[in-house]
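The working numbering puts the sequence shown at residues 549 to 709.
For every residue, glycine included, the Cβ atom is placed at its ideal position computed from N, Cα and C.
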Amino acid sequence: MSCARMSSMASLFFFIVALLHAVAAVDHHVGGDFGWNLPPTPTFFSDWARNRTFFVGDTLRFNSSANETHNFAQPPSQSEFDGCVDPGIVFDPRLFITFNRPGRLYFICTVGNHCKQGMKFAVDVLATPGTTPTNAAALFTVPPLPSLFFAAILLNLLFFV
């Protein structure tokens, strides 16, 4: 098999892997079309989250109306979530979070009494379909798609040298 053919096959393989990852990850907009705004009912966001399945690699986007002020924070425990305890680290709602490991995660708005009005929800992030959640924290991550792209380029360079 020629070097050029091997290089083309390696490139195709990494392109397909990158494409499958991009197709597999889901971009969840918190609250759907309603967005991350004061909810119509106290269970609105909990109901929204309960009707979805979240996996490692998925993202959460917190979109708010321009005329409302909100943020989001991640309480580390169920009791702090239930009590709407501000964990001290608050994020701008225009940011998004990418799940990088499985586990149960809690989200609240710490503006005024928004959390007590129902601006909170919990998610169980699964590693792959059919797994069960573990206790873990979500971190902001860069999706691996660029890494796969650069790996494909590196392999091409190695085969041509």
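Annotation: the stretch 619-673 contains the following complete segments of the beta strand (DSSP E) (minimum length 3 residues), in chain order: 644-646 and 651-656. Burial is judged here by how many other beta carbons sit within 10 angstroms of a residue's own beta carbon; Asp606 has at least 16 and is buried. Going by DSSP, Arg598 is part of the alpha helix (DSSP H) stretching over Phe592 to Arg598. By the Cβ neighbour-count rule, Val671 is buried, with 16 or more other Cβ atoms within 10 Å of its own. The criterion of a C-beta distance shorter than 8 angstroms is satisfied by Phe620 and Phe655. Bridge pairing for Phe582: absent [DSSP].
Note that the C-beta distance between His618 and Cys657 is below 8 angstroms. Phe602 is the residue among Asp581, Asp595, Gly666 and Phe602 whose C-alpha sits nearest the C-alpha of Leu653. Rounded to whole angstroms, the Cβ separation of Val673 and Val574 is 11 angstroms, and the two are not in contact under 8 angstroms.
By the beta-carbon neighbour count (other beta carbons within 10 angstroms, threshold 16), Leu643 is exposed. Phe610 has no beta-bridge partner at all, per DSSP. By the neighbour-count criterion, in which 16 or more other beta carbons inside 10 Å mark a residue as buried, Gly579 falls on the buried side. A residue is called buried once 16 or more other Cβ atoms fall within 10 Å of its Cβ, and Asn599, having fewer, is exposed.
Ala614 counts as exposed, since fewer than 16 other C-beta atoms from the protein chains shown sit within 10 angstroms of its C-beta.
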